[in-house]
Every structure is written in C-alpha cells, then in structure tokens.
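The structure appears right after this line, and notes come after that.
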Amino acid sequence: MKVLTVGGGAREHAIVSSLVKSGAKVYSSMSNKNPGIVGLAEEHLLCSDTDIPKVSQWAEEKGVEMAVIGPEAPLGKGIVDELESRGIICASPFKKAAQLEISKEFMRELMKRYELPGRVDFEVFDDMVAIEDFLSHYEGELVVKPVGLTGGKGVKVMGEHLLSKRDVIDYCRKVLKNEIGGESKVILEEKLEGEEFTLQVFTDGINVIPTPLVQDHKRLYEGDEGPNTGGMGSYSMEDGLLPFVDEDAYEQALAIIKATLLAMEKEGRKYKGVLYGQFMLTAKGPKIIEFNCRWGDPEAMNILPLLKSDYLSLCEGMAKGDISEIEAEFEKKCSVCKYIVPEGYGFESVPGNKLSVDEKGIEEAGARLFYASVDEKDGDIYTTTSRSLAVVGFAETMEDAESSSERALSCIQGKGIHMRHDIGKPASIQRKLDNMKNIRGE
Ligand code: AMP
Ligand code: GLY
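Here is the structure:
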C-alpha cells in the first residue's frame, strides 16, 4: 500500500520506520531534508507541512491510498479533510476533531460541558481588565496558556516561570497583544501538583487500544528546571506502567480518554487516529493537562519500535473507522529516549552546526537513532533551530536501557549541542517517586 506521511521530525522518522517494516511504500512530505526518512521513503517532497494544496496534489499524483499525519499544524488546518475529499483515507483526525488539541479553550469547555472526569478549573479571557479583576480575587497559583498552538513553549507556570501576580498580568498582556498562539485570548488554569505522564491510544472514535505509558521531560535542563520545550527525552517501562503510576491510576486515565472520545462523538466530531493524553497524576488522581491529536514527540520513539503487531493494519483500521477486530502487542521492554538539541534551544537556538553520527555504533549500543529537524547537505548533517536527533535505548531493565542510550549519545559528535543525561537514571526516577509521596502526604 502507498502511504503518505507528513512531517520531518524524529516522530515521523519513527512512523515511517514502522510503516516500512509492515510493508508500506512510503511517500514523505517534510520541510527539512530528514536523512532518516529520505533513506526509507520511496520518494520525498520538500514542502511546508501546512501547504495543504501542494502536499495533497503530490500525494494524488503518486497514487497514494492512505495518509498518516505527524504534526498538529496541518491537522488544525484541515489536511485530512482535503486528502479525504481526494479519496485518500487518513489515520488522523478531521479538522473539527483536531480541535481537541488545536484549541485549549474548546478542550476545556468540552470537558466542562460533559462533566468529564480529570477536568481542571479554568477561565478564558480576552481583556486585561477582567484578568486583573479575576486575579485580585484568586488565591493560589495559576498556569497561563495561550488558547492556540505554541509548540509546547507558550505555557507559563506560576512559581516557576511567573513569580508573582504582576508577572502573570505582564505575560497575559503579552499573549493578548502579540496574539501568541494565533489569537488574542488566554486561559488561566488551576495549577496542578504532581507528576506528568503520557497515555497514547489507537482509536476509531469508539474502540480504544492503549499503548504503554511514557514519561516525557519537557524542561530544558537536568532536574526538570528551565523553560518548557517540545520534550527533551522520555522513558517507558516493560510492564506498560510507570514507577509512580499504578494499575488504578492507569485505568482512571484510560477512562478519561474513553469518556472524552464519547463526548467528541456526541458533538458530531468523531475522532480517529492516535490520541495522546498528557496527564498530571495528582493527590486526587489523574487530571488532563492537554490532548494531542497525534503521536507525541518524543513518546512515539519509545512506543512504535516496541510494537510487535502490524502498524499498517492499525493505521488502515483507524483510517476506515473500525479497529474492533484489531489487537496490538508490544515487546515487554524498557525504553529511554534522549534528544540532542541545538545550543540556545528554548530561548534562541543557534543552528547550522555540523553533526557527525556513527550510525553503526548506535546500533551496536542496542539503541535506535531517529533524525529530527536536521538538514542534509552534500552528505553532511547540520542542526536547524529545532530538536536535532534522538537516540532510544531498549532493554529488559531500565538500567540497561538508560546505559544503552548513553552509549548511543557518545556516538554523536558536534559543536553547539545540548542534551539531558539525567533522563531514566535511578536518581531522576527516585525524585519523581519522592515527589508523588510528598504530594500524597505520605
Ligand atoms: P502544555 O503545552 O499544555 O502541555 O503545557 C506545557 C507544560 O506546562 C506541561 O507539560 C506542564 O508541565 C505544565 N502545565 C500545563 N498545564 C498545567 C497545569 N494546569 N498545572 C501545572 N502545570 C501545567
Ligand atoms: N511530548 C509532547 C508533545 O508531543 O506534544
């Protein structure tokens, strides 16, 4: 089967690898020349992810039958609606279902309207007078979020990025004035205390196949400090849970996802594709931080290589709207993913540095390599302003998976790069366990 993929990051490299492994002939559209994807695809198109007419026309010309969309931006702009109108089925949601990620206002209002479990208190504002009035009565800490997409970088948390109500007001003013996230609107949300985890599912809108839990690390620096990023690395465990998430919390998170999918169907916005739930495990159970209408990046790189079942059949089931007869099996292994990013990433990236990558060494380390936003020129690989590449170690134990990812990192040389070494290390995991105990008052 000929399959279109859109996106040129490490997540899309993982998607393309799994599609090719299950026999697909892949046609990839991407804005940067990702050498990992180019090496696997039948053909590629260098094009903006959101140039929907160009991507769709190319896919049609190539006789593509199905599409898998990596990033959220083209989904928010209706790429699935356009491709399906041309007879290309998609294992990704239509524009009106993608609102679950595209508009944080839509998501929070939906959860409130249907009284869904896992919801949080919030208010949406579009003027400063109302914000100042609200804050003068509000006790406790808040999180400030632009309503639209900011690539995970627009959210600011009181007590971390915003140290006073004055800082909150200043940031709200900036969001409204500069229309950060594409709209002059801001959400003020109750600040949740706990540990975050990701649950990704395959769904046709009704039936749900869960995948192993993952913990991403959004902060730029070791010890979970510094600004939010797209994600610096992540780990998953052999039993599909996490050290601080037990079976009960996992079931609650899955129930929140299922209830949200039912609400979406009732709204006439039936969802299909991979649905990503970002949860905060609090003293009162899991709460939703956000939904994403796609695989997570880096979380896709932890999970897709562990999938033993045929990924192409799963995608076809989702695209056709029925996965009731499909099962998915995963290898019972731990995984540790670590990203290399350009120096300055999170503030102002310094791009254009050459990286040397010993692919064979990475394989020998028992790890996988996924290229992200690098550009290939004359056989050499250069950093751009986004995350550069990810390595993922897989093993029976966390210790072995983590050391495999470190051996893989040592196979990459270059100037002007940054990475977090703490991800998946015992001390880092212990800190998360201690944090959870603390929050539960144990
Ligand atoms: P988002 O872009 O919504 O995923 O938010 C980015 C990061 O901000 C999350 O991964 C959390 O670390 C933090 N965050 C977002 N919403 C909240 C909240 N309501 N309470 C505490 N932290 C939050
Ligand atoms: N890992 C966060 C995201 O994909 O949005």
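So for the sequence shown, the numbering used here puts the first residue at 238; every next one is plus one.
Where a beta carbon is used, it is the ideal one built from N, C-alpha and C, also for glycine.
Item: Any C-beta of chain D under 8 Å from that of S642; Value: Note that chain D does not occur in the displayed structure, where there is just one protein chain.
Item: Close-in-space but distant-in-sequence residues of the same chain around N465 (CB under 7 Å, 5 per side omitted); Value: G389, K390, V392, K455, R456
Item: Strand pairing of V392, partner residues [DSSP]; Value: In the DSSP output, where bridge partners are listed per residue, V392 has none listed.
Item: Terminal residues of the alpha helix (DSSP H) in which D637 lies; Value: 635-646
Item: Host alpha helix (DSSP H) of A619 (start-end); Value: In the sequence as displayed, the identity of residue 619 is Tyr instead of Ala. Y619 -> not in any alpha helix (DSSP H); beta strand (DSSP E) instead, spanning 617-620.
Item: Completely contained alpha helix (DSSP H) runs for the region 462-526, where each covers 4 or more residues; Value: 484-503
Item: From L386, E298, I525, S401, residue whose alpha carbon lies closest to that of E352; Value: I525
Item: Segments assigned beta strand (DSSP E), at least 3 residues, entirely inside the region 560-637; Value: 571-579, 591-594, 604-608, 611-614, 617-620, 626-632
Item: Beta-carbon proximity check, G300 vs T435, cutoff 8 Å; Value: no
Item: Beta carbon of I339 nearer than 8 Å to that of E319; Value: no
Item: N539 Cβ short of 7 Å to the ligand GLY heavy atom set; Value: no
Item: Presumed contact (8 Å Cβ cut-off) between P535 and Y576, rounded CB distance; Value: 6 Å
Item: Of the listed residues R323, M303, K341, E302, nearest to G191 (C-alpha basis); Value: Missing from the structure shown is residue 191; the chain here goes from 238 to 679 and no further.
Item: Sheet register partners of Y264 (DSSP bridge); Value: L241, E280
Item: Close beta carbons around A328, own chain, < 6 Å, minus the five adjacent residues each side; Value: V305, G510, C552, M555, A556
Item: Local Cβ density within 10 Å of D612, reported as buried at 16 or more and exposed below that; Value: buried
Item: Extent of the continuous alpha helix (DSSP H) to which V317 belongs; Value: 316-322
Item: Contacts around V257, its chain only, beta-carbon distance under 7 Å, and the 5 residues preceding and following it disregarded; Value: V263, L277
Item: With 16 other Cβ atoms within 10 Å as the buried cut-off, status of K669; Value: buried
Item: Alpha-carbon to alpha-carbon, I289 and C648; Value: 37 Å
Item: Contacts around E527, its chain only, beta-carbon distance under 6 Å, and the 5 residues preceding and following it disregarded; Value: Q515
Item: Near the ligand GLY: G385 beta-carbon under 7 Å from a heavy atom; Value: no
Item: Three-pair Cβ contact test at 8 Å for the region 409-420 versus the region 484-493; Value: no
Item: Close Cβ partners of K402 (< 6 Å) along its chain, the five nearest in sequence each way excluded; Value: L372
Item: Any non-hydrogen atom of the ligand GLY closer than 7 Å to G468 Cβ; Value: yes
Item: Enclosing alpha helix (DSSP H) for L543 [first to last residue]; Value: No alpha helix (DSSP H) contains L543, which DSSP labels as neither H nor E.
Item: Short Cβ contact (8 Å threshold) for E580 with G653; Value: yes
Item: Identified DSSP bridge partners for H655; Value: V578
Item: Where the alpha helix (DSSP H) through V381 begins and ends; Value: Here V381 belongs to no alpha helix (DSSP H); instead the beta strand (DSSP E) covers 379-383.
Item: Identity of the residue in E601, M501, V445 nearest E346 by Cα; Value: M501
Item: I660 (DSSP reduced to helix, strand or coil); Value: coil
Item: Segment contact flag, the region 349-363 with the region 422-436, C-beta cutoff 8 Å, min 3 pairs; Value: yes
Item: Backbone CA spacing between A604 and K545 [nearest angstrom]; Value: 17 Å
Item: Cα-Cα separation, F331 to I563; Value: 22 Å
Item: Coil, strand or helix - N444 by DSSP; Value: coil
Item: Pair within 8 Å by beta-carbon distance, M538 and A261; Value: no
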